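These notes concern the structure reproduced below.
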Amino acid sequence: MSRPANPVTWPEGKTAAAAFSFDIDAESAVLWQAPHVADRMSVMSHQAYGPLVGVPRLLGLLEKHRIRSTFFVPGYTAHRYPGVVRDIVAAGHEIGHHGYLHEQPTGVSAEEEAAVLDRGLDALQEVAGIRPVGYRAPMCELSWRSAALLDARGFLYDASLMDADVPYELAITPGSSRSIVEIPMQWALDDWEQYCYLPDIYGSGLIETPAKARELWQAEFEGLRVAGGCWVLTNHPFLSGRPSRAQQLDELMEHVLGCADVWVASMREIARHIRGLSLAPRSIEFPADLS
1223 MSRPANPVTW
1233 PEGKTAAAAF
1243 SFDIDAESAV
1253 LWQAPHVADR
1263 MSVMSHQAYG
1273 PLVGVPRLLG
1283 LLEKHRIRST
1293 FFVPGYTAHR
1303 YPGVVRDIVA
1313 AGHEIGHHGY
1323 LHEQPTGVSA
1333 EEEAAVLDRG
1343 LDALQEVAGI
1353 RPVGYRAPMC
1363 ELSWRSAALL
1373 DARGFLYDAS
1383 LMDADVPYEL
1393 AITPGSSRSI
1403 VEIPMQWALD
1413 DWEQYCYLPD
1423 IYGSGLIETP
1433 AKARELWQAE
1443 FEGLRVAGGC
1453 WVLTNHPFLS
1463 GRPSRAQQLD
1473 ELMEHVLGCA
1483 DVWVASMREI
1493 ARHIRGLSLA
1503 PRSIEFPADL
1513 S
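In the numbering used here, the protein residues as written are 1223 to 1513.
What follows is the structure, encoded as structure tokens:
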């Protein structure tokens, strides 16, 4: 199969890239939009499984395979589970910003979005002693003002959009010469759509088998590998940290690492590589008035 033209070259002669990323939402995934759910002890315990059990299990997998990963952490999670976040840093992984209480940028005002970014930055600095350079919007719902807010705070990259197979420089406003690196993701490579079911909160009630989820993710990997793209898997420890799911993830990691033509890296490493290519910024225009 021929490989389409690709503006991105990868390090050391590799022809594609891959990243394993994790969103440690824990309780924050439900509390922002539905604070009353705090009264539901079973739901809260389901979310707490992530930092309490899932993260240690996943850190073991990453150590086994010697993979440097990126964990996107809401500030609330950092404050609630500081030891877990410090363990991630101590294991050599990147910490990214993921809101404070998992606030969706499209559901708040510009002032609120800016305040949430600052509050999350302060929490991660306080708990982990780091200032992240990467951001993933909660629910992957970036607002049209987010890029400029991230640039103003010194972020290197975002990982929330879905319009490309390879990372690119995203103009912070249409036509601007300033940009942040965008590392695209997609919902097909997110375990939320495969496993997440919280009664009356999220999900259809259908929980897929780990084997089916892995089959989907591996097929996407092989497709992006041929395209010379960047495969970004997004997992949540309260979902993929469960034993049978972690077992399939273990086997998927082994498969990806076994492909000698693929560069496996953290999101920060990928973003720094893209920034070094000096690509021209790409603008995304707000849709035309449909009235």
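Don't be surprised by glycine CBs; every beta carbon is placed ideally from N, CA and C.
Here the structure is a predicted model, which means the values were calculated and not measured.
Around the CB of G1451, 16 or more other CB atoms lie within 10 Å, so the residue is classed as buried.
S1243 places its beta carbon less than 8 Å from that of S1291.
In the three-state reduction of the DSSP assignment, Y1390 falls in the strand class. Under the 10 Å beta carbon count, W1453 is surrounded by 16 or more other beta carbons and is classified as buried. Spanning the alpha carbons of H1268 and F1460 requires a straight line of approximately 7 Å. Taken through DSSP and simplified to helix, strand or coil, C1362 comes out as helix. Within the model, the alpha-carbon separation for L1499 versus Q1326 is close to 31 Å. Here Y1417 carries a helix assignment [DSSP, helix/strand/coil]. The C-beta separation of A1300 from V1311 comes to about 11 Å, leaving the pair out of contact by the 8 Å criterion.
Only residues of its own chain outside the window of five on either side were considered, and among them Y1419 have a CB closer than 8 Å to the CB of G1427, listed in chain order. D1247 carries a coil assignment under DSSP once its states are collapsed to helix, strand and coil.
A direct Cα-to-Cα measurement between A1482 and W1414 gives close to 29 Å. Note that the C-beta distance between L1378 and G1356 is below 8 Å. Close CB contacts of R1400 within its chain, under the 8 Å cut and outside five residues either way in sequence, are with D1373, A1393, I1394 and P1503 (chain order). DSSP places R1490 in the helix class (H, G or I) of the three-state scheme.
The residue from A1240, K1236, I1492 and T1231 with its alpha-carbon nearest to that of Q1440 is A1240. Restricted to the region 1422–1477, the beta strand (DSSP E) segments that are unbroken, complete and at least 3 residues in length are 1452–1457, listed in chain order.
Residue burial annotation: A1260 is exposed, with fewer than 16 other C-beta atoms found within 10 angstroms of its C-beta. Residue pairing of F1294 in beta bridges, as defined by DSSP: D1245 and G1318. Separation of M1266 and P1421 (C-alpha to C-alpha, rounded to the nearest whole angstrom) is 12 Å. If you check the CB distance, A1435 and Q1416 come in under 8 Å. The three-state secondary structure of E1333, taken from DSSP, is helix.
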